[in-house]
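To start, the structure itself, in structure tokens.
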Amino acid sequence: MSTMRPATPDDARAVAELMESRRVQYQAFQPTFWRVAPDAVDRHVPFLREVLGSPDTIAIVADRDDGGLAGAVLARIVPSPPVYAPGGPTCVIDDYWLADTSAWQTLGVTLLSEVERVAKEVFAAAQAVVVCAQQDGPKRSMLQAETYSVASEWWTKPL
Numbered sequence: 017m018s019t020m021r022p023a024t025p026d027d028a029r030a031v032a033e034l035m036e037s038r039r040v041q042y043q044a045f046q047p048t049f050w051r052v053a054p055d056a057v058d059r060h061v062p063f064l065r066e067v068l069g070s071p072d073t074i075a076i077v078a079d080r081d082d083g084g085l086a087g088a089v090l091a092r093i094v095p096s097p098p099v100y101a102p103g104g105p106t107c108v109i110d111d112y113w114l115a116d117t118s119a120w121q122t123l124g125v126t127l128l129s130e131v132e133r134v135a136k137e138v139f140a141a142a143q144a145v146v147v148c149a150q151q152d153g154p155k156r157s158m159l160q161a162e163t164y165s166v167a168s169e170w171w172t173k174p175l
């Protein structure tokens, strides 16, 4: 069982540690683009502290009963690119991960739904964009079930 709540800058370390498991998994998918820095958690913490204190951020964590994090989602509200007109700001969701990746259809949906609600009601966001690796089957399946569609792919090559 987990309890959702708004994240604060004090959650930065726990969120960075949770996201480390995502970094390791994604590095296996694409070892150049997603290569994990040796000190990734320590580098991520100051960035997260800043983001978690920003007024254009929606950040929600799910606490486990044992005090750890069951999941976290961080969304930034950004202007849409000037050459596109989706009808309002864009909600960009990059840091979004679960401790138990078999919970995407339950906890993952709950976290995403809350971010969407806040993005629409508070920020008048017109769309949400979620970062998901092509090989991340469970998360990808959840996004498809939640009526997200693929808008683009990034192709990489080491130089």
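Just so we're aligned: the sequence shown equals residues 17 to 175 in my numbering.
The beta-carbon is built from N, C-alpha and C at its ideal position, and this holds for glycine as well.
In the DSSP annotation of this structure, Thr126 is not part of any beta strand (DSSP E); the continuous alpha helix (DSSP H) holding it starts and ends at Val125 to Phe139.
In the DSSP assignment, Leu34 falls within the alpha helix (DSSP H) that extends over Ala28 to Phe45.
No Cβ-Cβ contact shorter than 8 Å links Trp120 with Leu34. In the displayed model, Gly153 falls within a helix according to three-state DSSP. In the structure shown, Ala86 falls within a strand segment according to DSSP collapsed to helix, strand and coil. Of Asp110, Ala32, Lys173 and Cys107, the smallest CA-CA separation from Asp55 is found for Ala32. A Cβ-Cβ separation of about 7 Å places Thr126 in contact with Met20 under the 8 Å criterion.
In the DSSP assignment, the residues bridged to Ser18 are Arg80. Counting along the chain, the unbroken beta strand (DSSP E) around Ala144 starts and ends at Gln143 to Val146. Residue environment: Ser129 is assigned as exposed (fewer than 16 neighbouring CB atoms within 10 Å of its CB, all protein chains considered). Where Val57 is concerned, the enclosing alpha helix (DSSP H) starts and stops at Ala56 to Leu68. When only Cα atoms are considered, Val61 and Thr48 end up about 22 Å apart.
In the DSSP assignment, Arg92 forms a beta bridge with Thr73 and Val108.
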